[in-house]
Amino acid sequence: MAESVPFPVTWITGASTGIGRALALRLAAEGCTVAASARSVAELDSLAQEASPLPGRIVAVPLDVTDPADIEQAYARITGELGVPDLCVLNAGTYIPVNAKRLKAADFETQFNLNVMGTVRVLEAVIPGMVSRKSGRIAVVGSVSGYRGLRTASAYGATKAALINMCEALRMELGDHGIAVQIVNPGFIKTPLTDKNTFPMPFLMPVDKAVEQFYRGLLTSRFEITFPKRFTWMLKTLRLLPYAIYLPLMNRTTKAD
Ligand SMILES: NC(=O)c1ccc[n+]([C@@H]2O[C@H](COP(=O)([O-])OP(=O)(O)OC[C@H]3O[C@@H](n4cnc5c(N)ncnc54)[C@H](OP(=O)(O)O)[C@@H]3O)[C@@H](O)[C@H]2O)c1
Numbered sequence: 014m015a016e017s018v019p020f021p022v023t024w025i026t027g028a029s030t031g032i033g034r035a036l037a038l039r040l041a042a043e044g045c046t047v048a049a050s051a052r053s054v055a056e057l058d059s060l061a062q063e064a065s066p067l068p069g070r071i072v073a074v075p076l077d078v079t080d081p082a083d084i085e086q087a088y089a090r091i092t093g094e095l096g097v098p099d100l101c102v103l104n105a106g107t108y109i110p111v112n113a114k115r116l117k118a119a120d121f122e123t124q125f126n127l128n129v130m131g132t133v134r135v136l137e138a139v140i141p142g143m144v145s146r147k148s149g150r151i152a153v154v155g156s157v158s159g160y161r162g163l164r165t166a167s168a169y170g171a172t173k174a175a176l177i178n179m180c181e182a183l184r185m186e187l188g189d190h191g192i193a194v195q196i197v198n199p200g201f202i203k204t205p206l207t208d209k210n211t212f213p214m215p216f217l218m219p220v221d222k223a224v225e226q227f228y229r230g231l232l233t234s235r236f237e238i239t240f241p242k243r244f245t246w247m248l249k250t251l252r253l254l255p256y257a258i259y260l261p262l263m264n265r266t267t268k269a270d
């Protein structure tokens, strides 16, 4: 039984709701032990409870990824109680729309501190253990909005572009040490995050369907995991267009405020 468990010890950030929560349950269904992290203690406790009939288990490890001391304590607890993670999913993040006319530096700071630095702080904690064991898998949740500039996403898209670029570099360097780095770029997935959006979300995907594709991608050696495929391939095509075509095209097809 133990041999067939894909990632015996997994650490997921942003596991209290949405994609992270559904992925924690999916992995526990495979027999994995999942350290589930986020700020909401009550949500994490209910998640651990929800996993109790499953073959694996979910252990609530509350933390705030903007607080380095929280991460240090959480990592010490995970390695002490469960062992060095075989898989680390860096998923905690948020989207704050930016209206360019009323641009606020604080909105950029908040999103960079959470989406980028929150990821980097956890990386600093997990990489040394994986390097000394010469094995491990790190999956960073980016977004297709990191491919190119999109309206209202000047801050969010920039954080996700930073994560995509960072993972390309880490993939090469950490690959030399037996660690697989993957970037996960979802399109629109139905979660508490997108429930707040008032604009049309093409190809909006239910979270369980999205997480099934996420999970299957983790079992491969591919660098990038994307879903839903039809939407992400459309955006990949747009990524290839020169500015002279991309900018007027997007200007016409996305709504001005
Ligand atoms: N849904 C989509 O369409 C979509 C598309 C592309 C990419 N993504 C990315 O997918 C990831 C998950 O998003 P989601 O849609 O599942 O949204 P969500 O339901 O809002 O989940 C966000 C998670 O991050 C946690 N979090 C927020 N701030 C945190 C902090 N300071 N420290 C620790 N955890 C924190 C939240 O928990 P607490 O509030 O309890 O801390 C929650 O568990 C994000 O990185 C998002 O950018 C989502």
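Residue numbers for the sequence shown follow this note's numbering, so the first one is 14 and each next one is one higher. Note that CB positions come from ideal geometry on N, CA and C, so glycine has one too.
Measure the alpha-carbon distance for residue i versus residue j and round it to whole angstroms.
| i | j | result |
| --- | --- | --- |
| residue 267 | residue 164 | 8 Å |
| residue 159 | residue 96 | 33 Å |
| residue 230 | residue 33 | 15 Å |
| residue 36 | residue 66 | 16 Å |
| residue 242 | residue 213 | 18 Å |
| residue 81 | residue 252 | 35 Å |
| residue 216 | residue 237 | 19 Å |
| residue 186 | residue 263 | 35 Å |
| residue 123 | residue 145 | 33 Å |
| residue 93 | residue 250 | 46 Å |
| residue 256 | residue 248 | 14 Å |
| residue 30 | residue 131 | 17 Å |
| residue 141 | residue 78 | 18 Å |
| residue 261 | residue 254 | 11 Å |
| residue 73 | residue 169 | 28 Å |
| residue 15 | residue 63 | Low per-residue confidence applies at residue 15: pLDDT is 48, beneath 50, and the placement is therefore not dependable, though the value from the model is reported in the following sentence. Going by the C-alpha atoms only, they are around 22 Å apart. |
| residue 183 | residue 61 | 31 Å |
So who's on the other strand from residue i, going by DSSP bridges?
| i | result |
| --- | --- |
| residue 237 | 196 |
| residue 202 | 218 |
| residue 154 | 197 |
| residue 22 | 46 |
| residue 149 | 192 |
With 7 Å as the threshold, decide whether the Cβ of residue i is near any Cβ in chain B.
| i | result |
| --- | --- |
| residue 223 | As a matter of chain content, chain B is missing from the structure shown, which is built from one protein chain. |
Determine the contact status of residue i and residue j, defining contact as a CB-CB distance below 7 Å.
| i | j | result |
| --- | --- | --- |
| residue 91 | residue 24 | yes |
| residue 148 | residue 191 | yes |
| residue 153 | residue 196 | yes |
| residue 69 | residue 44 | yes |
| residue 172 | residue 125 | yes |
| residue 177 | residue 135 | no |
| residue 76 | residue 89 | no |
| residue 224 | residue 198 | no |
| residue 226 | residue 240 | yes |
| residue 101 | residue 139 | yes |
| residue 167 | residue 220 | no |
In the DSSP assignment, find the unbroken alpha helix (DSSP H) run with residue i in it and report its ends.
| i | result |
| --- | --- |
| residue 39 | 31 to 42 |
| residue 187 | 169 to 188 |
| residue 258 | 256 to 266 |
| residue 121 | 118 to 124 |
| residue 247 | 242 to 252 |
Alpha helix (DSSP H) runs wholly inside the region 24 to 103, at least 4 long, in chain order:
Counting only runs of 4 or more residues that sit fully inside the region 24 to 103, the alpha helix (DSSP H) segments are 31 to 42, 54 to 63, 81 to 94, in chain order.
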